[in-house]
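Each residue of the sequence shown is one higher than the one before, counting from 1 in UniProt numbering.
A short worksheet on the structure shown next.
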Amino acid sequence: MSQLLDTILSRSNMVEAYNQVKVNKGSAGIDGIPTVMDRMIQQAIVQVISPLCEPHFSETSYGFRPKRSCEKAIIKLLEYLNDGYEWIVDIDLEKFFDTVPQDRLMSLVHNIIQDGDTESLIRRYLHSGVVINGQRHKTLVGTPQGGNLSPLLSNITLNELDKELENRGLRFVRYADDCVITVGSEVSAKRIMYSVSRFIEKRLGLKVNMTKTKITRPSQLKYLGFGFWKSAEGWKSRPHQESIQSFKRKLRKLTTRKWSTDLGSRIEKLNWLIRGWINYFALTNMKSVMGEIDKRLRTRIRVIIWKQWKKKSRRLWGLLKLGTPKWIADKVSGWGDHYQLVAQKSILKRAISKPVLAKRGLVSCLDYYLERHALKVS
């Protein structure tokens, strides 16, 4: 740490270009990988200037800020919907991180921190460039993704949008560059979509994707992976259907019988995925979905175990060890390699039951959800 401080104070640090890598965000999904030293310096900058920035930020900006989260953004959005603001302007910024005007951004940074040395260091990171296929390219626009500094700079940039919406008296929620505005009528929504898009492009110098920017209703909205439905008590949230399908695909990938790994390692990876996904959506109503996924997951685990036992003798041994009566184990162990058929049999369900799998360490999607949901709503 002493060496890091000396490097910064002496200005001997030569900011290195980011190595760019493709990430799974579509054709525009490019992130940068800064060096370890640059990560440490960027984090130091963030820790120093974040307290200066926080008083300037909007109460309804939730991304990459202390004591704020996607969950709190959804709670605020539900508050607006249940107050009757059921027309939504869903703003989509095209390649936001790649198009931020750097001079304008640095002017906003100066207005907040007013420290020439820190501003100079931030500008050097903005200009650091990227390395693609061994070739260094300058970055004269945008903020490099993948570093510790980028989220804070994005909030500084879009804080101008927040203040404009506040001055207009609009109800909105923003998480990073995902922004939705709720209004009371379709006429208002059309007017606001046009005027706000114009402000973003003319005043902020950013590009609005008019193909994806739209007016919608809560039941058609996907925001931060959440969907919305109306019950007798009002609007509620749930995982969007696309989020559920994505979760199922990841579970299937981890439970393919073609993957030759031991059951313990597989269960460890499954638990990590299950806990992370459920913690993100724990506030929502998804008991029936979790129950259905739980049953399907156990069936796939039974298929894996049956295949790993391979021979009849091994299957007989495994069933007996789980407490299956010998006459039943003798019969079942000869069923062969019809994996899905065998896994659905009630005898195997009782032998490799939910409690048995729990002893092996498998987290139940339903039980874990009920536990986490109870904590959220209490």
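Backbone N, C-alpha and C fix where the C-beta goes; we use that ideal spot for every residue, glycine too.
Just so it is clear, the structure is predicted and the values come from calculations on it, not from any experiment.
Check                                                                                                                                                                    : Outcome
Which residues share a DSSP beta bridge with R275?                                                                                                                       : Bridge partners of R275: none, in fact.
Report the partner residues of P239 according to the DSSP bridge assignment.                                                                                             : F226
Around the Cβ of D90, are there at least 16 other Cβ atoms within 10 angstroms (buried) or fewer (exposed)?                                                              : buried
Out of curiosity, what's the CA-to-CA distance linking Q245 and R252?                                                                                                    : 10 Å
Relative to the alpha-carbon of E371, which residue among V187, V303, A232, K287 has its alpha-carbon at the smallest distance?                                          : K287
Relative to the alpha-carbon of D83, which residue among W235, P239, R39, P101 has its alpha-carbon at the smallest distance?                                            : W235
Name, in chain order, the residues that DSSP records as bridge partners for D177.                                                                                        : Partner(s): none; D177 has no beta bridge.
Would you call the segment 285-303 in contact with the segment 237-244, where contact means no fewer than 3 C-beta pairs closer than 8 Å?                                : yes
My output table needs one value for G291: the three-state DSSP class, helix, strand or coil.                                                                             : helix
By how many angstroms is the C-alpha of R174 removed from the C-alpha of L204?                                                                                           : 16 Å
Answer yes if the segment 313-324 comes into contact with the segment 262-280, meaning at least three C-beta pairs across the two stretches below 8 Å, and no otherwise. : no
Classify Y194 as buried or exposed, calling it buried when 16 or more other Cβ atoms lie within 10 Å of its own Cβ.                                                      : exposed
Report yes or no: do three or more beta-carbon pairs, one from the segment 63-81 and one from the segment 161-168, lie closer than 8 Å?                                  : no
Could you pull the start and end residues of the beta strand (DSSP E) that W335 belongs to?                                                                              : Neither: W335 is in no beta strand (DSSP E) and is coded neither H nor E.
For E160, collect the residues of the same chain with a Cβ closer than 8 Å to its Cβ; drop the 5 residues on either side in sequence, then sort them by chain order.     : L108, R203, L204
If you draw a straight line from the C-alpha of G323 to the C-alpha of I278, how long is it?                                                                             : 33 Å
Would you give the residue range spanned by the alpha helix (DSSP H) that K214 belongs to?                                                                               : Premise fails: K214 lies in the beta strand (DSSP E), 214-216, not in any alpha helix (DSSP H).
Check V208 in the structure and name its three-state DSSP category.                                                                                                      : strand
Looking at the structure shown, is F97 part of a helix, part of a strand, or coil, going by DSSP?                                                                        : helix
Across which residues does DSSP place F172 in a beta bridge pair?                                                                                                        : I181
Do L348 and W309 have their C-beta atoms within less than 9 Å of each other?                                                                                             : no
State yes or no: is the C-beta of G184 within less than 9 Å of the C-beta of Y85?                                                                                        : yes
Would you kindly check if the distance between the Cβ of L105 and the Cβ of L81 is under 9 Å?                                                                            : no
At which residues does the alpha helix (DSSP H) containing I45 begin and terminate?                                                                                      : 36-53
Any idea what DSSP makes of V89, helix, strand or coil?                                                                                                                  : strand
Taking the Cβ atom as the reference point for each residue, do Y223 and D162 lie within a distance shorter than 9 Å?                                                     : no
Rank L158, A358, G63 by C-alpha distance to the C-alpha of residue 391 and give the top, closest one.                                                                    : Here the chain covers residues 1 to 378 and nothing more, so residue 391 does not appear.
Looking only at its own chain, which residues have a Cβ that is under 7 Å from the Cβ of R298, when we skip the five neighbours before and after it?                     : K354, L357
Cβ atoms of T182 and L93: under 9 Å apart, would you say?                                                                                                                : no
Should P55 be labelled buried (16 or more other beta-carbon atoms within 10 Å of its own) or exposed?                                                                    : exposed
What is the residue span of the alpha helix (DSSP H) that R314 lies within?                                                                                              : 312-321
Among K250, M40, L283, N285, which has the Cα closest to the Cα of L273?                                                                                                 : K250
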